[in-house]
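For reference, the structure discussed in these notes is given below.
There are 2 protein chains.
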Amino acid sequence: MTVIRVWAPYAKEVQVILDGTSYPMLSTRHGWWMLDSPLAGHGSDYAFVLDGSGPLPDPRSPWQPYGVHGFSRMLDHSLFSWTDDRWQAPPLSSAVIYELHTGTFSPQGTFQGVAQKLDHLVDLGITHIELMPVNSFSGTHGWGYDGVGLFAPHEPYGGPAGLKELVDECHARGIAVILDVVYNHLGPEGNYLDRFGPYFTNRYSSPWGNAVNLDGPGSDEVRRFFIENALMWLKDYHMDVLRLDAVHAIIDTSSVHFLEELSQEVEMLQARTGRHLALIAESNLNNPRIVQPREIGGYGIDAQWNDDFHHALHTVLTGEKNGYYGDFGTLSDLAQAMEEIFVYSGRYSAFRGRKHGRPVRGVSGNKFLAYLQNHDQIGNRARGERLNHLVDTGRFMLGSALVFASACIPMIFQGEEWAASSPFQYFTDHQDEELGKAVVTGRREEFAAFGWDPGDIPDPQDPATFERSKPLWEELEHEPHTSVLAWYKGLIRLRRELPVLKDGSLSQILISYHEEEQWLAMNRGPVMVVCNFSRHSRRIGIYDGQKREVLLTSRSGVVYREDSITLPGETAAILLQS
Amino acid sequence: MTVIRVWAPYAKEVQVILDGTSYPMLSTRHGWWMLDSPLAGHGSDYAFVLDGSGPLPDPRSPWQPYGVHGFSRMLDHSLFSWTDDRWQAPPLSSAVIYELHTGTFSPQGTFQGVAQKLDHLVDLGITHIELMPVNSFSGTHGWGYDGVGLFAPHEPYGGPAGLKELVDECHARGIAVILDVVYNHLGPEGNYLDRFGPYFTNRYSSPWGNAVNLDGPGSDEVRRFFIENALMWLKDYHMDVLRLDAVHAIIDTSSVHFLEELSQEVEMLQARTGRHLALIAESNLNNPRIVQPREIGGYGIDAQWNDDFHHALHTVLTGEKNGYYGDFGTLSDLAQAMEEIFVYSGRYSAFRGRKHGRPVRGVSGNKFLAYLQNHDQIGNRARGERLNHLVDTGRFMLGSALVFASACIPMIFQGEEWAASSPFQYFTDHQDEELGKAVVTGRREEFAAFGWDPGDIPDPQDPATFERSKPLWEELEHEPHTSVLAWYKGLIRLRRELPVLKDGSLSQILISYHEEEQWLAMNRGPVMVVCNFSRHSRRIGIYDGQKREVLLTSRSGVVYREDSITLPGETAAILLQS
Numbered sequence: 001m002t003v004i005r006v007w008a009p010y011a012k013e014v015q016v017i018l019d020g021t022s023y024p025m026l027s028t029r030h031g032w033w034m035l036d037s038p039l040a041g042h043g044s045d046y047a048f049v050l051d052g053s054g055p056l057p058d059p060r061s062p063w064q065p066y067g068v069h070g071f072s073r074m075l076d077h078s079l080f081s082w083t084d085d086r087w088q089a090p091p092l093s094s095a096v097i098y099e100l101h102t103g104t105f106s107p108q109g110t111f112q113g114v115a116q117k118l119d120h121l122v123d124l125g126i127t128h129i130e131l132m133p134v135n136s137f138s139g140t141h142g143w144g145y146d147g148v149g150l151f152a153p154h155e156p157y158g159g160p161a162g163l164k165e166l167v168d169e170c171h172a173r174g175i176a177v178i179l180d181v182v183y184n185h186l187g188p189e190g191n192y193l194d195r196f197g198p199y200f201t202n203r204y205s206s207p208w209g210n211a212v213n214l215d216g217p218g219s220d221e222v223r224r225f226f227i228e229n230a231l232m233w234l235k236d237y238h239m240d241v242l243r244l245d246a247v248h249a250i251i252d253t254s255s256v257h258f259l260e261e262l263s264q265e266v267e268m269l270q271a272r273t274g275r276h277l278a279l280i281a282e283s284n285l286n287n288p289r290i291v292q293p294r295e296i297g298g299y300g301i302d303a304q305w306n307d308d309f310h311h312a313l314h315t316v317l318t319g320e321k322n323g324y325y326g327d328f329g330t331l332s333d334l335a336q337a338m339e340e341i342f343v344y345s346g347r348y349s350a351f352r353g354r355k356h357g358r359p360v361r362g363v364s365g366n367k368f369l370a371y372l373q374n375h376d377q378i379g380n381r382a383r384g385e386r387l388n389h390l391v392d393t394g395r396f397m398l399g400s401a402l403v404f405a406s407a408c409i410p411m412i413f414q415g416e417e418w419a420a421s422s423p424f425q426y427f428t429d430h431q432d433e434e435l436g437k438a439v440v441t442g443r444r445e446e447f448a449a450f451g452w453d454p455g456d457i458p459d460p461q462d463p464a465t466f467e468r469s470k471p472l473w474e475e476l477e478h479e480p481h482t483s484v485l486a487w488y489k490g491l492i493r494l495r496r497e498l499p500v501l502k503d504g505s506l507s508q509i510l511i512s513y514h515e516e517e518q519w520l521a522m523n524r525g526p527v528m529v530v531c532n533f534s535r536h537s538r539r540i541g542i543y544d545g546q547k548r549e550v551l552l553t554s555r556s557g558v559v560y561r562e563d564s565i566t567l568p569g570e571t572a573a574i575l576l577q578s
Numbered sequence: 001m002t003v004i005r006v007w008a009p010y011a012k013e014v015q016v017i018l019d020g021t022s023y024p025m026l027s028t029r030h031g032w033w034m035l036d037s038p039l040a041g042h043g044s045d046y047a048f049v050l051d052g053s054g055p056l057p058d059p060r061s062p063w064q065p066y067g068v069h070g071f072s073r074m075l076d077h078s079l080f081s082w083t084d085d086r087w088q089a090p091p092l093s094s095a096v097i098y099e100l101h102t103g104t105f106s107p108q109g110t111f112q113g114v115a116q117k118l119d120h121l122v123d124l125g126i127t128h129i130e131l132m133p134v135n136s137f138s139g140t141h142g143w144g145y146d147g148v149g150l151f152a153p154h155e156p157y158g159g160p161a162g163l164k165e166l167v168d169e170c171h172a173r174g175i176a177v178i179l180d181v182v183y184n185h186l187g188p189e190g191n192y193l194d195r196f197g198p199y200f201t202n203r204y205s206s207p208w209g210n211a212v213n214l215d216g217p218g219s220d221e222v223r224r225f226f227i228e229n230a231l232m233w234l235k236d237y238h239m240d241v242l243r244l245d246a247v248h249a250i251i252d253t254s255s256v257h258f259l260e261e262l263s264q265e266v267e268m269l270q271a272r273t274g275r276h277l278a279l280i281a282e283s284n285l286n287n288p289r290i291v292q293p294r295e296i297g298g299y300g301i302d303a304q305w306n307d308d309f310h311h312a313l314h315t316v317l318t319g320e321k322n323g324y325y326g327d328f329g330t331l332s333d334l335a336q337a338m339e340e341i342f343v344y345s346g347r348y349s350a351f352r353g354r355k356h357g358r359p360v361r362g363v364s365g366n367k368f369l370a371y372l373q374n375h376d377q378i379g380n381r382a383r384g385e386r387l388n389h390l391v392d393t394g395r396f397m398l399g400s401a402l403v404f405a406s407a408c409i410p411m412i413f414q415g416e417e418w419a420a421s422s423p424f425q426y427f428t429d430h431q432d433e434e435l436g437k438a439v440v441t442g443r444r445e446e447f448a449a450f451g452w453d454p455g456d457i458p459d460p461q462d463p464a465t466f467e468r469s470k471p472l473w474e475e476l477e478h479e480p481h482t483s484v485l486a487w488y489k490g491l492i493r494l495r496r497e498l499p500v501l502k503d504g505s506l507s508q509i510l511i512s513y514h515e516e517e518q519w520l521a522m523n524r525g526p527v528m529v530v531c532n533f534s535r536h537s538r539r540i541g542i543y544d545g546q547k548r549e550v551l552l553t554s555r556s557g558v559v560y561r562e563d564s565i566t567l568p569g570e571t572a573a574i575l576l577q578s
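Chain order of the listed sequences is A and B.
Counting from 1, one number per residue, gives the positions in the first sequence under full-length UniProt numbering.
Counting from 1, one number per residue, gives the positions in the second sequence under full-length UniProt numbering.
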């Protein structure tokens, strides 16, 4: 006997079509409809008809074998045989995160394809992979942020079973799994939620249209929809961590913010199961409240992305000044990001046209992620260029030293570890022709404002754009990729072996820099990182009487004496007190 | 030499018309325009022309002698001779607040008229008057929430000089002044702000249209506009407290909430001047964050209105079930409001269609206001009926006992102290004919939904509606008004004389009630308040062995014995341990 349930508070009449036959559902409390059916079970196809309109897929469908517009399929999670009983995820403080996109990471573009690359990731020293959204979205390939079947793993990736197998395999290999989930909007195609209930509100707008209704009439169930989605990934798919997309676009003025409620629910699940669970937010608010404990008015999220660190480092490396990069560009900004997390902690931002942020005080660096690249910073460029397409390999390697020596949790993006030659471009596979055209036109217009010729902007709907974004694994065998990989392995090993690099302590960090000479030296307890951003050799004086050994250098030619270190142009060195 | 300044970041050219002559202004930083003029000074009339369009009144005009559309007039605040050097406002914890509307409170409808009634208020025992908004709004009379000249006291009330004289006189008589300020929207008529700059945003909506832009591009100056408005009232008009209208409609997702910034600025002014300054918020969020200290993530507002207390008490007294009153109605709700402040502290609200609020923990009752009536609860009714028009005088008096015995700061509304026979209706004086008609139609349609006949709804634009809302002071000489006044004086005296009533301690409160028998007894340390809401005499057992004396009863016939108190129907008694 299986109970079919759906929340449809607007409907006067709801039918479920089950394996081809229509059955009336029973209205119960608070807009929920139910049917106890002896015919339904794992594998049954079903859909709902609301007041004669439909069939519509289940908003909480666990499986969409026919795509986002098609029938839903029932799924019995208990049928999967997990082998990870003794798995315990490492704490975020010791994490090295690897962000990847299932559709492009492997040649197959599936969960199984990802699993086949785990040797590489284990060898690299990764502790966590972060999967870009795997919820069901329209078409075959896409970034995943246009998800509409939030409870159903994308069928072309391998569906529910494929995802479970991947997570189980990761755990067997000692790798934790982070899943990217999108709770700030739903995709434009295949989104039937507003037919069912008040999932959206026009009281607030988001960059993607109407905002999700988290504080208006009917919002209790909308909040449960997202919270139970989060709990499902953690419970039924054994995810270790969720990464919450763009929480700044989650508008909730009620007395318990959605993020606070979510973090409390995850903490309760953690307490019940004894597993290490965590939440990571993407936030551009520069508001420490996100990661502060609930007891002092925070939302209790475990960590958040820190774009300020990225922008400060990226602009120093590239000299770029476009858009938000105009707010950054000095070593002083970079030093502030390393020492204080937010560069904008109350300062006027020309890009935002207002003062932005507030200081992080008394919060560990382990509450923030540092990265040289991520899917957005690459893929939201006109042509999806990686950093190593913009600067020399040496200069690119220099940047990564600061990521791994920072007080924050380091994250890299697929292929970064070998300076992949492939771009990561914006690609979509919208089935609605009008929408597909609008996406192409919109993107070309967006970049025309920055002086781009439309013809130079890859067409997101063109399958070649997707194909082009797959890393070329064969290049791993060749220079300079082999050297870059060795450098990343060295940095990750250092982080694993030196506890001070993982203690998150910001107060231990002491930075010297010289804007004109373009060098920066950071002391973190016994560790010293020296970076020469200029193209010229620099001799940097060290006058503290400490003896040090050179642990790693991004290229040869570094000369260390007791009172100075001389670095060739565009070189980083990491030293340890001996 | 006077400096004329205006923020007009959109304009390419700004002129000021000064006493009839036009002068070009100089563009300075961040969209500010300036002119140093030897001709300008106190009393000079001026207006701005932006890119040839105007003349427009100054957004920060200190004086609008010709109404909201007319020229602004310069004002030198230093010319007023204050006599309140030694004034220090009493703390909010000992406050008894009297809300009044300048246009109707006295026959004259002016600040001077209010001053002439101070004898009455002193005699009553009031510590603070709260003036409904006195900013400039369109027309002669209105509630004031449609203000557009936020820095200019309404000319028909007596303008800037009249307001200062009133405040000075209040201070001379030992009365502190609270001013109601509206920072969530501007009125629909005479609002030229969006011609000057990005004061509004369409990213959020408010019940009154576009929301104020507190977190988008250009919002720094918009925030300063409101914050400097608040500081002006405190500094230049010697206001003691500001009451912030409907803060739930102030949407700000930036990392420092507008209310937090405002409370910090007021605290700094307090520190500089040594004066007791405070902020009171109207909030329907049931979120303790509003009044929690900034150190633990709160906004640091000193106190907030508590509508839950009002609704719980009002419904028990009237049996009304319309609209939001449907969420209340039991003695259990009333007891919760007395003991825990919020009735909705996470419970499902049928009116809101969602769970609402969070518990108040570790916050003093003195952070909340309790009231039997206020301008909204009277005036937003179809016909503006006061509570004493809905229930017998005795039942009305019963209700006020709980207001003054509560752990919260008591507030009454003009005329309440004598159960005035006059209503307080919704009145406007919009000059724009279309707008005037829309207000009338809108109000009639709103109440038609509750079954009202349009003809029974007073016309807000009809001057008679305004006149009808003036209390009839002569009725003070007659019964039952004289007795009601004596009862209020008694309650206020008790609050003054018994420190326990002002300690704000919620943990001291112990309430018994009986839903069927309709009585409620509250112990607050040595004080006991017993209320019989039924129409029948009730004998209520008291079994704690304490000896008590009866301090006050709302009518005669109360019989107290050591182990019981017998109250006639609809009667309250206040007892003290002897």
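Quick reminder that beta carbons are idealized off the backbone N, C-alpha and C, glycines included.
Give a yes or no on whether 8 angstroms exceeds the smallest Cβ distance from A/Ser-205 to chain B.
For A/Ser-205, the answer is yes, since a Cβ of chain B falls inside 8 angstroms of its Cβ.
Can you tell me the Cα-Cα spacing of B/Ser-421 and B/Phe-111, whole angstroms?
So the alpha carbons of these two residues sit roughly 23 angstroms apart.
When the Cα of A/Pro-133 is compared with those of A/Phe-151, A/Lys-321, A/Val-484 and A/Ser-332, which residue comes out closest?
Across the set A/Phe-151, A/Lys-321, A/Val-484 and A/Ser-332, the C-alpha of A/Phe-151 shows the shortest separation from the C-alpha of A/Pro-133.
If you measure from the beta carbon of B/Gly-297 to each beta carbon in chain A, is any gap under 8 angstroms?
Closer than 8 angstroms to some Cβ of chain A, the Cβ of B/Gly-297 qualifies, so yes.
Between the segment 3 to 10 of chain A and the segment 20 to 39 of chain A, are three or more C-beta pairs nearer than 8 angstroms?
The segment 3 to 10 of chain A is in contact with the segment 20 to 39 of chain A.
A/Leu-472, buried or exposed, once every other Cβ within 10 Å from all chains shown has been counted against 16:
Using a 10 angstroms sphere on the CB of A/Leu-472, the tally of other CB atoms stays under 16, which defines it as exposed.
Name, please, each residue of chain B whose Cβ falls closer than 7 angstroms to the Cβ of A/Ile-251.
Within 7 angstroms Cβ-Cβ: Thr-253.
Ignore the nearest five residues each way along the sequence and tell me which others in B/Ser-206's own chain have a CB closer than 7 angstroms to its CB.
Counting only Cβ-Cβ distances below 7 angstroms, and skipping sequence neighbours, we find Asn-184, His-185 and Ala-249.
Check whether the segment 359 to 368 of chain B touches the segment 504 to 518 of chain B, taking contact to mean three or more Cβ pairs, one atom from each stretch, closer than 8 angstroms.
Between the segment 359 to 368 of chain B and the segment 504 to 518 of chain B there are three or more C-beta pairs closer than 8 angstroms, enough to call the two in contact.
Closest by CA to A/Arg-60, which one among A/Leu-75, A/His-141, A/Trp-208 and A/Asp-51?
The option with the nearest alpha carbon to A/Arg-60 is A/Leu-75.
Quick one, are the C-beta atoms of A/Gln-373 and A/Leu-390 less than 8 angstroms apart?
No, Cβ-Cβ distance for A/Gln-373 and A/Leu-390 is not below 8 angstroms.
Along the beta strand (DSSP E) that carries B/Met-397, what are the first and last residues, could you check?
Run containing B/Met-397: none in the beta strand (DSSP E); it sits in the alpha helix (DSSP H), 393 to 405.
Using a Cβ-Cβ distance under 8 angstroms, would A/Ser-219 count as near chain B?
Taking Cβ atoms only, chain B reaches closer than 8 angstroms to A/Ser-219, which makes this a yes.
So, is the C-beta of B/Arg-289 closer than 8 angstroms to a C-beta in chain A?
True, the Cβ-Cβ gap to chain A drops below 8 angstroms.
May I ask you to list the residues that DSSP assigns as paired with A/Cys-531?
Its beta-bridge partners are A/Leu-520 and A/Ala-572.
If you compare alpha carbons, which of A/Phe-225, A/Asn-213 and A/Val-181 is closest to A/Glu-282?
Looking at the Cα atoms, A/Val-181 is the closest of the given residues.
Measuring only the C-alpha atoms, how far is B/Pro-526 from B/His-154?
So the two alpha carbons sit approximately 47 angstroms from each other.
Less than 8 angstroms between the CB atoms is what I'm expecting for B/His-141 and B/Phe-466, so what's the real figure, rounded?
That pair is a contact at about 5 angstroms.
Within the continuous alpha helix (DSSP H) that includes B/Ala-176, where are the two ends?
B/Ala-176 -> not in any alpha helix (DSSP H); beta strand (DSSP E) instead, spanning 176 to 181.
Using only the alpha-carbon positions, how far apart do B/Leu-92 and B/Tyr-299 sit?
Cα-Cα distance, rounded: 17 angstroms.
Pair within 8 angstroms by beta-carbon distance, B/Phe-71 and B/Pro-55:
Cβ distance < 8 angstroms, so B/Phe-71 and B/Pro-55 count as in contact.
List, in chain order, every chain A residue whose beta-carbon is nearer than 7 angstroms to that of B/Arg-358.
Ser-255 and Val-256, listed in chain order.
Taking the alpha-carbon of residue 628 of chain B as reference, which of B/Ser-37, B/His-120 and B/Phe-196 has the nearest alpha-carbon?
Chain B is shown only over 1 to 578; residue 628 of chain B falls outside these bounds and no answer can be derived.
Which residue from B/Gly-41, B/Asn-135 and B/Ile-492 puts its Cα closest to that of residue 585 of chain B?
The structure shown has nothing for residue 585 of chain B, since chain B only spans 1 to 578.
Along chain A, in chain order, which residues have C-beta atoms closer than 9 angstroms to that of B/Lys-367?
The premise fails here: B/Lys-367 is roughly 15 angstroms from chain A at the closest Cβ pair, so nothing lies under 9 angstroms.
Looking only at its chain, what residues have a beta carbon closer than 6 angstroms to the beta carbon of A/Trp-208, apart from the 5 residues adjacent to it on each side?
Same-chain partners within the cutoff: His-185.
Looking at the unbroken alpha helix (DSSP H) that takes in A/Gln-112, where does it start and where does it end?
Per DSSP, A/Gln-112 belongs to the alpha helix (DSSP H) from 111 to 115.
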